[in-house]
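S.K.: Residue numbers (the working numbering), protein chains in the order written: chain A, 375 to 485; chain B, 20 to 133.
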Amino acid sequence: EDKVVQSPLSLVVHEGDTVTLNCSYEVTNFRSLLWYKQEKKAPTFLFMLTSSGIEKKSGRLSSILDKKELFSILNITATQTGDSAIYLCAPGIQGAQKLVFGQGTRLTINP
Amino acid sequence: DGGITQSPKYLFRKEGQNVTLSCEQNLNHDAMYWYRQDPGQGLRLIYYSQIVNDFQKGDIAEGYSVSREKKESFPLTVTSAQKNPTAFYLCASSTDLTLSYGYTFGSGTRLTVV
Numbered sequence: 375e376d377k378v379v380q381s382p383l384s385l386v387v388h389e390g391d392t393v394t395l396n397c398s399y400e401v402t403n404f405r406s407l408l409w410y411k412q413e414k415k416a417p418t419f420l421f422m423l424t425s426s427g428i429e430k431k432s433g434r435l436s437s438i439l440d441k442k443e444l445f446s447i448l449n450i451t452a453t454q455t456g457d458s459a460i461y462l463c464a465p466g467i468q469g470a471q472k473l474v475f476g477q478g479t480r481l482t483i484n485p
Numbered sequence: 020d021g022g023i024t025q026s027p028k029y030l031f032r033k034e035g036q037n038v039t040l041s042c043e044q045n046l047n048h049d050a051m052y053w054y055r056q057d058p059g060q061g062l063r064l065i066y067y068s069q070i071v072n073d074f075q076k077g078d079i080a081e082g083y084s085v086s087r088e089k090k091e092s093f094p095l096t097v098t099s100a101q102k103n104p105t106a107f108y109l110c111a112s113s114t115d116l117t118l119s120y121g122y123t124f125g126s127g128t129r130l131t132v133v
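Right, dumping it as structure tokens:
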């Protein structure tokens, strides 16, 4: 059975702090790993990772994948209140063409 | 503008009634998906469809049914057999079956059964 575990489940920090969100996975026929941000309703795409050790960056956000350890992290530096959201990681399954989602990390940034 | 439209945004039904959630996309995407989200939980896959007139069960298909008669439309029916239907339902689509670009999501339907 495919399994995705995110940690922590909830995190509260002050504006300006740096946070690291974790995602571990055990899935068959792994193809890629995606990160999404969900603020109110529809999740929005952040990153897709397919290769180990190659960091992807977008402004203050960055992410990296370790295919040997079956692990990915999402870093957010100099956090802002607008970063408050649920962050979801989702491995993509080759062959089945579907994403399997973790429980999400609820991040709250206090001013 | 292209996108996915889910309707209605909020839906209330009495226990024992079937209800159908609408999902329409004008992105010309082949694959469409239905997920359920409960508080404190991630998204769980209900059904997905890769082509018209074909669909597969996801991890929690019991009590749900779908159809894919048109490429643009993938309605979800929550039947009276679903024991705990109150949840947030998200529809998604993908441009290609390799998921190279991930999903595009609709804005969701919040279903409350009383």
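Ideal placement from N, C-alpha and C gives every residue a C-beta, glycine not left out.
For LYS89/B, list the residues DSSP reports as bridge partners.
M.R.: SER92/B
S.K.: Let me know if LYS472/A comes out buried or exposed under the rule of 16 or more other beta-carbons within 10 Å of its beta-carbon.
M.R.: buried
S.K.: Which value, in whole angstroms, describes the spacing of the CA atoms of PHE31/B and ASP440/A?
M.R.: 44 angstroms
S.K.: Give me the residue from ILE23/B, SER26/B and GLY35/B with the minimum Cα distance to SER99/B.
M.R.: Of the residues ILE23/B, SER26/B and GLY35/B, the one whose Cα lies closest to the Cα of SER99/B is GLY35/B.
S.K.: Give the DSSP bridge partners of THR131/B, in chain order.
M.R.: PHE31/B
S.K.: Is DSSP giving THR123/B helix, strand or coil here?
M.R.: strand
S.K.: Out of curiosity, what's the CA-to-CA distance linking LYS28/B and ALA416/A?
M.R.: Taking the straight line from one Cα to the other gives about 12 angstroms.
S.K.: Per the contact definition of three or more C-beta pairs closer than 8 angstroms, is the region 454-462 of chain A in contact with the region 396-411 of chain A?
M.R.: yes
S.K.: Just mark GLN454/A as buried or exposed, buried being the case when its beta carbon has 16 or more other beta carbons within 10 Å.
M.R.: exposed
S.K.: Under 7 angstroms between beta-carbons, which chain B residues line up against PRO417/A? List them in chain order, please.
M.R.: Neighbours of PRO417/A in chain B, taken as residues whose beta carbon is under 7 angstroms from its own, are PHE124 in chain order.
S.K.: As an exercise, report each continuous beta strand (DSSP E) stretch of at least 3 residues that is fully enclosed by the region 409-443 of chain A, in chain order.
M.R.: 418-423, 430-432 and 435-440
S.K.: Taking its Cβ as the centre, do 16 or more other Cβ atoms sit within 10 Å of VAL97/B, making it buried, or is it exposed?
M.R.: buried
S.K.: Using the Cα positions of LEU383/A and TYR54/B, report the straight-line distance between them to the nearest angstrom.
M.R.: 20 angstroms
S.K.: Which value, in whole angstroms, describes the spacing of the CA atoms of THR482/A and HIS388/A?
M.R.: 8 angstroms
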